[in-house]
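Let me begin by presenting the structure, written as structure tokens, before commenting on it.
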Amino acid sequence: MSWLLEDLRETFREGSMTIRLIYINLAIYLLIVLNGFLAHTLGWINILDYMWMPTQLEEVIFRPWTIITYMFTHQGFIHVLFNMMCLYWFGKMVSAYMGEHLVLRLYLTGGIAGAVACLLYGVLVNPINGYMLGASAAVLALVTAVATYYPDHYVEVVFIGRVKLKYYALFFVVMYLVFILDGSSNLGGNVAHVGGMIAGFAMAYSWKKNGLPTMKQGGKSVLDGLFGKKKTKMKVVYSRPLTDMEYNERKNERNREVDRILDKIKESGYDSLTSEEKKTLFEESKR
Numbered sequence: 044m045s046w047l048l049e050d051l052r053e054t055f056r057e058g059s060m061t062i063r064l065i066y067i068n069l070a071i072y073l074l075i076v077l078n079g080f081l082a083h084t085l086g087w088i089n090i091l092d093y094m095w096m097p098t099q100l101e102e103v104i105f106r107p108w109t110i111i112t113y114m115f116t117h118q119g120f121i122h123v124l125f126n127m128m129c130l131y132w133f134g135k136m137v138s139a140y141m142g143e144h145l146v147l148r149l150y151l152t153g154g155i156a157g158a159v160a161c162l163l164y165g166v167l168v169n170p171i172n173g174y175m176l177g178a179s180a181a182v183l184a185l186v187t188a189v190a191t192y193y194p195d196h197y198v199e200v201v202f203i204g205r206v207k208l209k210y211y212a213l214f215f216v217v218m219y220l221v222f223i224l225d226g227s228s229n230l231g232g233n234v235a236h237v238g239g240m241i242a243g244f245a246m247a248y249s250w251k252k253n254g255l256p257t258m259k260q261g262g263k264s265v266l267d268g269l270f271g272k273k274k275t276k277m278k279v280v281y282s283r284p285l286t287d288m289e290y291n292e293r294k295n296e297r298n299r300e301v302d303r304i305l306d307k308i309k310e311s312g313y314d315s316l317t318s319e320e321k322k323t324l325f326e327e328s329k330r
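Throughout, our numbering is defined as the position within the sequence shown, counted from one, plus 43.
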């Protein structure tokens, strides 16, 4: 089991921002499923009650963290599967066309905008009773952003074929507006979806006029700060060439290290290697 955790941690650290967000969403979903079972059988506290966002402003005031946690919270396998598939597709598009450093910014801004839209609708139009959860508003911000920045690029839609991104995004806008006017049972969610799409459009429209923010302008992301590799300033070091004796000594030392790793594989298997030992073995294989 340790090798699995090590591989997952390494994939998370080395993966793109899209992959990291998917990992976080899936980990929280599994935690909710496990906790729900324990809450039902053993009477434990159900953490879902503290992660989804109430749609009433007077309740959110006492649970402000839910404005963030709700966008990482899912209930039901199909719910999380569909959202993560969309996050994967459009997160990759944002990374490729606009920059990976903008994925997290769009995701969080879209999710917060969806929460604010839901609360404002309840205050200004009609009260909404219930709770809100899911990454849909955050993901739709990515969809709308890339559709706004590259409206004439195509996306493959099942059973339909190639569709321009601007029409793909417009379909969702119209659909959710119709649901809102129709008084759908998921009124809070539909309002949040539109809020997330408005945020994605506004950000991408601004970037299209003023230029995309660079990594330096965007700053280091929260996830990079918590889980990313430590970065050090590059130094230029001037040194003399190695003598034949020094070169041979280094070569022998490297060979001894490789032999030690190979012996370890024979005794305990490849999965027993540390990430540093795997890296050494991989680099040696390229020589």
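C-beta: ideal position from N, C-alpha, C; glycine also.
Counterpart residues of residue i in DSSP-defined beta bridges
i, result
"residue 204", "200"
"residue 174", "97"
Nonlocal neighbours in the same chain, by C-beta distance under 6 angstroms from residue i, ignoring five residues either side
i, result
"residue 72", "117 and 123"
"residue 60", "143, 146 and 147"
"residue 191", "244, 247 and 248"
"residue 186", "133 and 212"
"residue 200", "206"
"residue 91", "75"
"residue 230", "171"
"residue 251", "192"
"residue 113", "95, 96, 175 and 176"
"residue 78", "90"
Endpoints, the alpha helix (DSSP H) within which residue i is located
i, result
"residue 115", "First-last for residue 115: undefined, no H or E at that position."
"residue 152", "146 to 167"
"residue 193", "Unbroken run through residue 193: none, as it is neither H nor E."
"residue 257", "Looking at the DSSP string, residue 257 is not in any alpha helix (DSSP H), and its letter there is neither H nor E."
"residue 79", "60 to 85"
Assigned exposure category for residue i - 16 Cβ within 10 Å defines buried
i, result
"residue 115", "buried"
"residue 303", "exposed"
"residue 221", "exposed"
"residue 218", "exposed"
"residue 103", "buried"
"residue 232", "buried"
"residue 63", "buried"
"residue 203", "exposed"
"residue 70", "exposed"
"residue 198", "buried"
"residue 164", "buried"
"residue 226", "exposed"
"residue 234", "buried"
"residue 65", "buried"
"residue 238", "buried"
"residue 83", "exposed"
Cut-off 7 angstroms between Cβ atoms - residues of its own chain near residue i, not counting five sequence neighbours on either side
i, result
"residue 166", "100"
"residue 246", "149, 152 and 188"
"residue 174", "95, 96, 97 and 98"
"residue 279", "With a pLDDT of 47 at residue 279, under the threshold of 50, the modelled position of this residue cannot be trusted, and the question is left open."
"residue 319", "none"
"residue 193", "140 and 208"
"residue 137", "145, 146, 149, 185, 188 and 189"
"residue 262", "Bear in mind that a pLDDT of 47 at residue 262, under 50, signals an unreliable position, so the model cannot answer this."
"residue 241", "156"
"residue 257", "none"
Close Cβ partners of residue i (< 8 angstroms) along its chain, the five nearest in sequence each way excluded
i, result
"residue 68", "115, 117, 123, 126, 127, 130 and 178"
"residue 111", "151, 154 and 155"
Chain D within 8 angstroms of residue i, Cβ atoms only
i, result
"residue 204", "Of the chains in the structure shown, none is chain D; there is only one protein chain."
The segment 149 to 158 / the segment 211 to 221 touching (three or more Cβ pairs under 8 angstroms): Not touching, per the Cβ criterion.
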